[in-house]
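See below for the structure under consideration.
Residue numbers (the working numbering), protein chains in the order written: chain A, 15 to 372; chain B, 15 to 372.
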């Protein structure tokens, strides 16, 4: 049915399609639905405290007996300068926003996520079948996951990063092309150097590592799936495409922006979290970038802008949400996840047949 | 043999493979060889004066009776501020370079290419079968080419640009993804917004226009060709991959850099010509960008750095050449063009069969 069984056999799934673990947008319903449809559902747990994470895993396990994936941001992201403070222009801008929306004081920079070790404990204790990391994978974490039988995935944005991950013991590498929405997984060099398009990145990674390669970035439908397989990938990870599914936790204003945005309406910005991530441009991103001032490191920038996002969610204001989206956004469709999965699988099979019969 | 015959029928060629018209690197031998092998050879004529251009066309026609393509930079690129002068830091840097390499005065900004109208006259008079434009296509030029039976291609870097080109009457649109080497074809918005990866760009363009779409950017071998066809493209344009062919006019130091560069060693820069173009980083690019000063508009920047490139070619100094390359550079192979064409065609057929029989 699929030309390459390496990834499906590794993960124990039927179709080589991974729904990307978009923290904040994923929930047990969507994760279980994707896994029940034969793909790999993923929950983005970076911002989920350990107790809540355990409940989330239970909620997924209640809904599916199939393999699923939980994603964590790498442990090293917990290390940052706790004394970092916004520069004068950012401080003034944030204060003005808080006044505009009737919020209290601007939060002091602090940790947003984790603690990583406790999150990983939960995943191992609850026998989560697949664990993925973003921003790199350290050997100790990979070994802990492996010791209890979990499979480990991690994103690479260059050939060198893919080799590093293979050496760290990951079971498959996600080659994240520059088209991808959300946080760049880059962990070794300046992110601008590592903005390599999926078409160029995937075959170079495939040639460099012996573990299965998962293509990510700009893959929106059967055409992207089959193209990725042609490039030598053993499967795909799709994020933006799944944001269109009605079961996703996507706020109305974000969903509306997804429906009208073109590729050039997205941009990579550090304004939200301090790390580069691709989102639909909005007032917050444009104005904060226009300050022309060094922003705070991750996750300090994330924490000082936290109340603005919370308030934006309450007001359904697209100007201050983190509207993550990849460059494939123009192909997004709103449909139930079961229907979406069935359609991309059937269309992929049909397209494979058409290409082969030419 | 190929799943989509729209492009091959349009252009009268056997295989939907276009060798990109890289000005400076292409020559009659490579163009004719690609066309004789059933693809579409292309000569980049932007910098070729009309008399020399006519001789070049004759030289190609002597070597092949098959269709071939000549590329021009759009007429509007001749319009620029003739009074533009380098800022103080750029002026000082250029003067220092000229002293270092024993050159005379830094050239005054001036026109580099054209005249466009006379170049187009030559192509029409000599019955060039395919004419392609970069940086947009104006309706008058398209109509002149069509009146004498030529087919017209032009690059788009966004969906909107593809629609504009279709309205201007082009016969096929080249969807140039952000991976591509050389000059960005962007003609409607800031180039950074139009750095859309091939995987995301191609299917969105395919859905938006009814003319055949040619995928470009990061396509290096059969995997990229078949992936592009899966995305809905009717054919591909490959540049960097052909730079590896031994018949290409590629200086030794450039060829050597191509052989050792990784994707992240390329970058998009305005330092060479004043327009954004992807090249392998070198001393000139790094140092001129580090000036942090507004550079000259195209083609003024090109002309003031002209003598440095000429001198670099004589010294075979990679530090001052324009080493154009795309993000697929890590997959480059050095082989004769006949062998390269045979191999990518055979491998594409094999891969199509493998995908179809799964």
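The beta carbon of each residue, even a glycine, is placed where N, CA and C say it ideally should be. Computed from a predicted model, the values in this text were never measured in an experiment.
| Query | Result |
| --- | --- |
| Residue 5 (chain B) - DSSP class collapsed to helix/strand/coil | Since the first residue of chain B shown is 15 and the last is 372, residue 5 (chain B) is not available in this structure. |
| Spatial neighbours of residue 174 (chain A) in its chain, beta-carbon cut-off 7 Å, leaving aside the 5 residues before and after | 202 |
| Buried or exposed by the 16-neighbour rule on C-beta atoms within 10 Å, applied to residue 349 (chain A) | exposed |
| Contact set for residue 342 (chain B): own chain, Cβ-Cβ below 6 Å, skip 5 residues either direction | 232, 234 and 254 |
| Reference residue 35 (chain B), options B:19, B:194 and B:158, closest by Cα | B:194 |
| 8 Å Cβ cutoff, residue 218 (chain A) in contact with chain B | yes |
| Within-8 Å CB hit, residue 290 (chain A) to chain B | no |
| Selected residue, minimal CA-CA separation from residue 221 (chain A), among A:259, A:69, A:177 and A:252 | A:177 |
| Straight-line gap, residue 238 (chain A) to residue 191 (chain A) (C-alpha atoms, nearest Å) | 13 Å |
| Boundaries (first-last residue) of the beta strand (DSSP E) holding residue 24 (chain B) | Taken as a continuous stretch (DSSP letters only), residue 24 (chain B) belongs to no beta strand (DSSP E), being part of the alpha helix (DSSP H) at 20-25. |
| Straight-line Cα distance separating residue 353 (chain A) from residue 75 (chain A) | 22 Å |
| Closer than 8 Å to chain A by CB, residue 240 (chain B) | yes |
| According to DSSP, residues forming a beta bridge with residue 229 (chain B) | B:189 and B:250 |
| Between the CA atoms of residue 19 (chain B) and residue 227 (chain B) - distance to the nearest angstrom | 12 Å |
| For residue 341 (chain B), the three-state DSSP class (helix, strand or coil) | coil |
| C-beta contact flag for residue 144 (chain A) and residue 164 (chain A) at 8 Å | yes |
| Nearest candidate by alpha-carbon position, reference residue 344 (chain A), set A:262, A:271, A:170 and A:286 | A:271 |
| C-alpha distance - residue 38 (chain B) paired with residue 315 (chain B), whole-angstrom precision | 17 Å |
| Contact check, residue 62 (chain B) vs residue 312 (chain B), beta carbons under 8 Å | no |
| Minimum Cβ-Cβ distance from residue 40 (chain A) to chain B less than 8 Å | no |
| Residue interval of the beta strand (DSSP E) (run including residue 58 (chain A)) | 55-58 |
| Interface partners of residue 411 (chain A) on chain B, CB under 7 Å | For residue 411 (chain A) there is no data in the structure shown, the boundaries of chain A being 15 and 372. |
| 8 Å Cβ cutoff, residue 278 (chain A) in contact with chain B | yes |
| Residues within the region 173-204 of chain A neighbouring chain B, beta-carbon criterion of under 7 Å | 173, 191, 192, 193 and 203 |
| Chain-order list of residues whose beta-carbon lies under 7 Å from that of residue 307 (chain A) (same chain, five-residue window excluded) | 101, 103 and 104 |
| Three-way DSSP call (helix, strand, coil) for residue 178 (chain A) in this model | helix |
| Closer than 8 Å to chain B by CB, residue 17 (chain A) | yes |
| Own chain partners of residue 88 (chain B) with C-beta closer than 6 Å, once the 5 adjacent residues on each side are dropped | 147, 149 and 150 |
| Given residue 142 (chain B) as reference, the closest of B:93, B:44, B:25 and B:229 once Cα atoms are compared | B:25 |
| Residue 272 (chain B) at chain A interface by Cβ criterion, 8 Å | no |
| Runs of alpha helix (DSSP H) lying entirely within the region 52-132 of chain B, each at least 4 residues, in chain order | 64-77 and 102-114 |
| Residue interval of the beta strand (DSSP E) (run including residue 167 (chain B)) | 165-170 |
| Close-in-space but distant-in-sequence residues of the same chain around residue 67 (chain A) (CB under 8 Å, 5 per side omitted) | 59, 84, 133, 136 and 137 |
| Beta strand (DSSP E) segments (min. 3 residues) lying fully within the region 287-349 of chain B | 291-294 |
| Stretch-stretch touch, CB-based, cutoff 8 Å, three pairs: the region 358-371 of chain A with the region 294-310 of chain A | no |
| Beta bridge counterpart(s) of residue 280 (chain A) as assigned by DSSP | A:294 |
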